[in-house]
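Here's the structure we're looking at; comments come further down.
Numbering (UniProt numbering), first residue to last: 1 to 143.
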């Protein structure tokens, strides 16, 4: 743990920003770097049905560019001397986060929980829960 980076997956939500404070604290505690990951989900559309005015590939690229802009703004707002790596990936969030979490250079994941309960918990993918269950390293879920 002490030599691996802290992975902080973000969807740029307020809850994720709250978890960032914990990620920075853990990185400072262990004197390791911070790895920030945002996953852009692949848009679904069928050109034959003309659901999208642009192709899913064009929409995904646009979403990646928007994420890069948000990531840059986030980095400009951070006041830390930690080494920071940023990643923007395309795909299914749980799968991409776990792929990164289970890499050799990650020692801990600090992820936000959206705190869904009841029927909402069953209807929506619980990313934090899936990451906590699938990661080989420790996972801190922040409420």
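Ideal Cβ placement from N, Cα and C applies to all residues, glycine included.
Keep in mind the model is a prediction, meaning the values are calculated, not measured.
- Here the C-alpha atom of residue 38 lies approximately 6 Å from the C-alpha atom of residue 89.
- Residue 34 sits close to residue 84, with the two beta carbons spaced by under 8 Å.
- Minimum Cα-Cα distance from residue 57 among the listed residues 79, 19, 40 corresponds to 40.
- Here residue 112 has 15, 16, 19, 142 as same chain residues with Cβ atoms under 6 Å from its own Cβ, once five neighbours each way along the sequence are excluded.
- DSSP places residue 97 in the helix class (H, G or I) of the three-state scheme.
- Secondary structure of residue 107 (DSSP, three-state): strand.
- In chain order, 32, 33, 35, 105, 106 place their CB closer than 6 Å to the CB of residue 5, counting only its own chain and leaving out the 5 sequence neighbours on each side.
- The beta carbon of residue 91 is closer than 7 Å to those of 39, 42 in its chain, skipping five residues each way along the sequence.
- With fewer than 16 other beta carbons inside 10 angstroms of its own, residue 75 counts as exposed.
- The shortest CA-to-CA distance from residue 114 to any of 135, 103, 129 is the one to 129.
- Distance from the CA of residue 22 to the CA of residue 134, rounded to the nearest whole angstrom, comes to 21 Å.
- When DSSP states are grouped into helix, strand and coil, residue 18 belongs to the helix group.
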